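Numbering (the working numbering), first residue to last: 786 to 893.
Just so you know, even glycine gets a beta-carbon here, dropped at the ideal spot from N, CA and C.
Since the structure is predicted, the reported quantities are computational estimates derived from the model, not experimental observations.
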């Protein structure tokens with residue numbers, strides 16, 4: 786699992802950082818911090834047989850969180866001639882800035 790600077794709460798991360806005070810002393814390494822959404826999928830495709838990933842990506846999920854706040858990405862929706870709804874694979878998302886379009890916060 787890796788964090789990217791576009792992930793929630795990760796905008797201030799740096800590639801190498803010592804752990805916070807009160808934690809065991811070690812170096813945190815964030816090797817994919819500056820990768821784009823496309824970079825991630827290009828890497829997975831490059832080493833296809835060595836990187837496992839969640840099956841939900843095959844069904845249009847581009848950002849996976851809790852069951853209560855995660856849906857397939859609407860930008861990957863396709864409707865066939867019979868009106869059936871399907872979703873493209875997550876790797877087919879063209880605009881990486883829409884990676885979290887399938888995430889929402891429930892209103893109370």
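Review point. Given a threshold of 16 other Cβ atoms within 10 Å of its Cβ, counted over all protein chains shown, does residue 882 qualify as buried or as exposed?
Key: What you label residue 882 is simply residue 97 of the chain shown in a count that begins at 1. Note on residue 882: under 16 other CB atoms within 10 angstroms of its CB, so exposed under the neighbour-count rule.
Check your understanding: Candidates 855, 866 and 867: which alpha carbon is nearest residue 888's?
Key -> Taking the first residue of the chain shown as position 1, residue 888 is located at position 103. Each of 855, 866 and 867 was checked against the Cα of residue 888, and the nearest Cα belongs to 855.
Practice item. Along the beta strand (DSSP E) that carries residue 834, what are the first and last residues, could you check? Key: Within the chain shown, residue 834 is the residue found at index 49, counting from 1. Careful: residue 834 lies outside any beta strand (DSSP E) and carries neither H nor E.
Review point. How far does the beta strand (DSSP E) with residue 803 in it reach, from first residue to last?
Key: Here residue 803 corresponds to residue number 18 of the chain shown, with the count starting at 1. Here the beta strand (DSSP E) through residue 803 covers 801-803.
Check your understanding: Apart from the five residues on each side of it in sequence, which residues of its chain come closer than 8 Å, Cβ to Cβ, to residue 893?
Key -> Taking the chain shown and counting its residues from 1, one reaches residue 893 at position 108. Its pLDDT being 42, under 50, residue 893 is placed unreliably in this model, and the coordinates cannot settle the point.
Check your understanding: What residues are listed by DSSP as bridge partners for residue 872?
Key -> Locating residue 872 in the chain shown gives position 87, where the first residue counts as 1. Per DSSP, 862.
Review point. Could you give the distance in angstroms between the alpha-carbon of residue 802 and the alpha-carbon of residue 840?
Key: Reading the chain shown from its first residue, position 17 is the one you call residue 802. Reading the chain shown from its first residue, position 55 is the one you call residue 840. So the two alpha carbons sit approximately 32 Å from each other.
Exercise for review: Could you spell out the range, first to last residue, of the beta strand (DSSP E) harbouring residue 813?
Suggested key: Translated into the one-based positions of the chain shown, residue 813 becomes position 28. Unbroken beta strand (DSSP E) run through residue 813: 812-814.
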